[in-house]
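The structure under discussion appears below in the form of C-alpha cells.
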Amino acid sequence: MDRRSHWENVYHTKSATDVSWFEAEPTTSLSLIQSIAPGGRIIDVGGGASLLVDCLIAVGTWEVTVLDVSAAALELAQTRLQERAHRVKWIQADITEVQQLGTYDIWHDRAVFHFLTSLDDRAAYLAQLRRALRPGGYVVFGTFALDGPEKCSGLPVCRYDARSLAATLGADYSLVKKLEHSHPTPGGTTQRFTFAVFRRAV
Ligand SMILES: C[S@@+](CC[C@H](N)C(=O)[O-])C[C@H]1O[C@@H](n2cnc3c(N)ncnc32)[C@H](O)[C@@H]1O
Numbered sequence: 001m002d003r004r005s006h007w008e009n010v011y012h013t014k015s016a017t018d019v020s021w022f023e024a025e026p027t028t029s030l031s032l033i034q035s036i037a038p039g040g041r042i043i044d045v046g047g048g049a050s051l052l053v054d055c056l057i058a059v060g061t062w063e064v065t066v067l068d069v070s071a072a073a074l075e076l077a078q079t080r081l082q083e084r085a086h087r088v089k090w091i092q093a094d095i096t097e098v099q100q101l102g103t104y105d106i107w108h109d110r111a112v113f114h115f116l117t118s119l120d121d122r123a124a125y126l127a128q129l130r131r132a133l134r135p136g137g138y139v140v141f142g143t144f145a146l147d148g149p150e151k152c153s154g155l156p157v158c159r160y161d162a163r164s165l166a167a168t169l170g171a172d173y174s175l176v177k178k179l180e181h182s183h184p185t186p187g188g189t190t191q192r193f194t195f196a197v198f199r200r201a202v
C-alpha cells in the first residue's frame, strides 16, 4: 500500500479520537509555539485531524496552514471547525513531494518526520523545509524518543533525541529548546516523545 492509501485507510476506518496519537489538548506543541512568537505564519506538517489548528486560530494572531497526505484527515478537521475552516489554508500533499508550499515563520511537525525511514525521503523533507522556512524561522519537532515505540500505525519509525535531530537538520539549525514528553494514548499506554525547537540561521 502506498503512503497516501495507508493514511486514507487509517482515517476512514478509525475514529480520530481513538488513534494512538490523539491529544484532546495539544499543550506541549502549543506552549512551545507560543514561547517562540505571539503570532505569524505557521505550517502544521502532517497535521492530520489534530486540534492544534483549533487552538491556533482561537488565538487570532496566527496565519495557519495545515498539510497532510490524507484528504480524509483534513476533512475531519474541516468538519470539526465548520465555518472557522475558512481561516485556514489546507494542503493535501505528501511533504516529500509537494510543490509551492509558501513561506513560514514556524514549521511544526508532531509525529510525521519519524515515519521517514529512508535517506531519500528525509533529504526531500529537509529540502522542503529549507525552501519553506524563512531564515531566522523556527522548527518545532515532536518525534518518538529513543525509548519510544518502534512502530506507529503499523509503520516503522526512526526514533530521535535532540542531539540526533540536530545532526539530521545540520549546521544551519541551532537547538533552542528540548524536552522529553510522555504521551498518554487513548488506549491507555504511554509513548515517549522528544520535542525540540530549532532556529534556522539568519
Ligand atoms: C501520527 S499522525 C500525527 C498527526 C498530527 N500531527 C498529530 O499530532 O495529531 C501522522 C500524520 O502524518 C500524515 N503523514 C504521514 N506521512 C506524511 C507525508 N509524507 N506527508 C504529509 N503527511 C503525512 C498522516 O496522514 C497523519 O495525519
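Going by UniProt numbering, the sequence shown opens with residue 1, and the numbers climb by one from there.
No residue lacks a Cβ here, since even glycine has one placed at the ideal position from N, Cα and C.
Quick caveat, the model's predicted, so the values are computed rather than measured.
Spatially closest choice to residue i from the options, by CA coordinates
i	options	result
residue 10	100, 152, 99	152
residue 63	76, 37, 70, 74	37
residue 172	187, 143, 150, 139	139
residue 148	175, 128, 178, 189	189
residue 41	103, 142, 201	103
residue 33	101, 196, 174, 112	196
residue 111	3, 169, 159, 200	159
residue 12	135, 182, 88, 76	76
residue 51	88, 131, 200	88
residue 185	16, 55, 168, 86	16
residue 192	127, 146, 54	146
residue 180	2, 28, 150, 128	28
Any non-hydrogen atom of ligand 1 within 8 Å of residue i CB
i	result
residue 138	no
residue 45	yes
residue 149	no
residue 49	yes
residue 73	yes
residue 142	yes
residue 126	no
residue 195	no
residue 153	yes
residue 93	yes
residue 30	no
residue 111	yes
residue 131	no
residue 52	yes
Burial state of residue i (16 or more Cβ within 10 Å)
i	result
residue 154	exposed
residue 35	exposed
residue 46	buried
residue 162	buried
residue 18	exposed
residue 194	buried
Sub-9 Å separation of residue i and residue j beta-carbons
i	j	result
residue 59	residue 91	no
residue 204	residue 198	A question about residue 204 goes unanswered here, because the residues of the chain that appear run from 1 up to 202.
residue 107	residue 74	no
residue 8	residue 49	no
residue 125	residue 96	yes
residue 109	residue 44	yes
Where residue i falls: helix, strand or coil (DSSP)
i	result
residue 95	coil
residue 65	strand
residue 143	strand
residue 74	helix
residue 157	coil
residue 30	helix
residue 88	strand
residue 195	strand
Chain C within 9 Å of residue i, Cβ atoms only
i	result
residue 36	Included in the structure is just one protein chain, with no chain C present.
Closer than 8 Å: residue i CB and nearest ligand 2 heavy atom
i	result
residue 198	Among the ligands in the structure shown, ligand 2 does not appear; only ligand 1 can be found there.
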